[in-house]
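Take a look at the structure set out below.
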Amino acid sequence: MLKKHHLKGILENRIKAFMIDYLIMGIIGFLIVVLTDDLFLTMMIVYPITMNKDFLNGKSIGKRFFGIQVQNMKSQKASELKSALRNFLPIIPVDLVFTFITPTRRIGDRIAKTKIGFNQELNLNTVGSELKNYRINKELILGMMFGVVNIWGLLWLYNNMLP
280 MLKKHHLKGI LENRIKAFMI DYLIMGIIGF LIVVLTDDLF LTMMIVYPIT MNKDFLNGKS
340 IGKRFFGIQV QNMKSQKASE LKSALRNFLP IIPVDLVFTF ITPTRRIGDR IAKTKIGFNQ
400 ELNLNTVGSE LKNYRINKEL ILGMMFGVVN IWGLLWLYNN MLP
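The opening residue of the sequence shown carries number 280 in this note's numbering; numbering runs sequentially from there.
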């Protein structure tokens with residue numbers, strides 16, 4: 280069982296990492312929509328990136344700042360596909376509340392069989408070498424496809440549900 284201060288640390292770091300990641304995604308989205316004046320295109324670009332933000336060793340930019348990582352249940356880095364599955368859009372609003380109840384595993388983590396754990400080894404300084412050694416694989420491609428299909432389906436529903 281994790282100690283209370285450990286859980287509090289994960290929760291605090293998780294919230295701070297979330298804020299950094301979504302600030303970055305918001306800026307990227309804002310720039311794309313200003314440059315293209317196309318909200319649909321912006322969503323089709325930004326959402327799959329947001330879903331797959333943890334692809335590089337289970338760490339987004341925000342997670343790197345605070346030393347946390349998306350891990351499988353054996354405390355190893357989660358695969359790219361699991362990292363995407365845990366960020367499935369329709370569950371995010373409920374997930375935010377659920378995170379306060381169980382800081383290491385939100386609903387998306389339960390679906391993807393992942394958790395958040397501490398990992399100080401990989402940080403902003405290691406991104407260059409990690410990217411140099413990274414090879415695109417089927418898990419990343421499937422994660423990106425999942426993101427595109429997910430946002431396309433949600434936008435289609437939105438457009439067809441309006442009067």
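Note that the Cβ used here is the ideal one computed from N, Cα and C, for glycine as well.
Do you know offhand how far residue i's Cα is from residue j's?
{"i": "MET280", "j": "PHE425", "result": "At MET280, the pLDDT of 49 sits below 50, so the modelled position is not reliable; the number obtained from the coordinates is stated separately. Distance between the alpha carbons of MET280 and PHE425 is about 34 Å."}
{"i": "VAL325", "j": "ASP300", "result": "12 Å"}
{"i": "ASN331", "j": "ARG414", "result": "15 Å"}
{"i": "ILE386", "j": "LYS411", "result": "33 Å"}
{"i": "ILE420", "j": "ILE328", "result": "12 Å"}
{"i": "ARG293", "j": "LYS417", "result": "28 Å"}
{"i": "SER354", "j": "ILE430", "result": "30 Å"}
{"i": "ASP317", "j": "ALA296", "result": "28 Å"}
{"i": "GLY396", "j": "VAL313", "result": "37 Å"}
{"i": "LYS287", "j": "ALA357", "result": "22 Å"}
DSSP three-state call for residue i: helix, strand or coil?
{"i": "LYS392", "result": "coil"}
{"i": "LEU290", "result": "helix"}
{"i": "TYR413", "result": "coil"}
{"i": "ASP374", "result": "helix"}
{"i": "LYS338", "result": "coil"}
{"i": "ARG365", "result": "coil"}
{"i": "ALA327", "result": "Correcting the residue identity first, residue 327 is Pro in this sequence and not Ala. Helix at PRO327."}
{"i": "MET280", "result": "Residue placement at MET280 cannot be trusted, given a pLDDT of 49 that sits under 50; what the coordinates show is reported in the next sentence. Here MET280 sits in coil by DSSP."}
{"i": "THR383", "result": "coil"}
{"i": "GLU418", "result": "helix"}
{"i": "ASP300", "result": "helix"}
{"i": "ASN429", "result": "helix"}
{"i": "ASN460", "result": "Given a span of 280 to 442 for the chain in the structure shown, any question on residue 460 remains unanswerable."}
{"i": "LYS295", "result": "helix"}
Can you check DSSP and say which residues form a bridge with residue i?
{"i": "ILE350", "result": "A small correction: the amino acid at residue 350 is Gln; Ile does not occupy that position in the sequence shown. Paired residue(s): LYS356, LYS394."}
With 7 Å as the threshold, decide whether the Cβ of residue i is near any Cβ in chain D.
{"i": "MET323", "result": "This model lacks chain D altogether; it includes just one protein chain."}
The ligand MG and residue i: does any heavy atom of the ligand fall closer than 6 Å to the residue's C-beta?
{"i": "SER354", "result": "The model on display carries no ligand, and the ligand MG is accordingly not part of it."}
Can at least three beta-carbon pairs, one atom from the region 336-347 and one from the region 398-417, be found at a separation below 8 Å?
yes
Any contact of the region 371-384 with the region 423-437, i.e. 3+ C-beta pairs under 8 Å?
no
Would you call the region 347-364 in contact with the region 306-315, where contact means no fewer than 3 C-beta pairs closer than 8 Å? no
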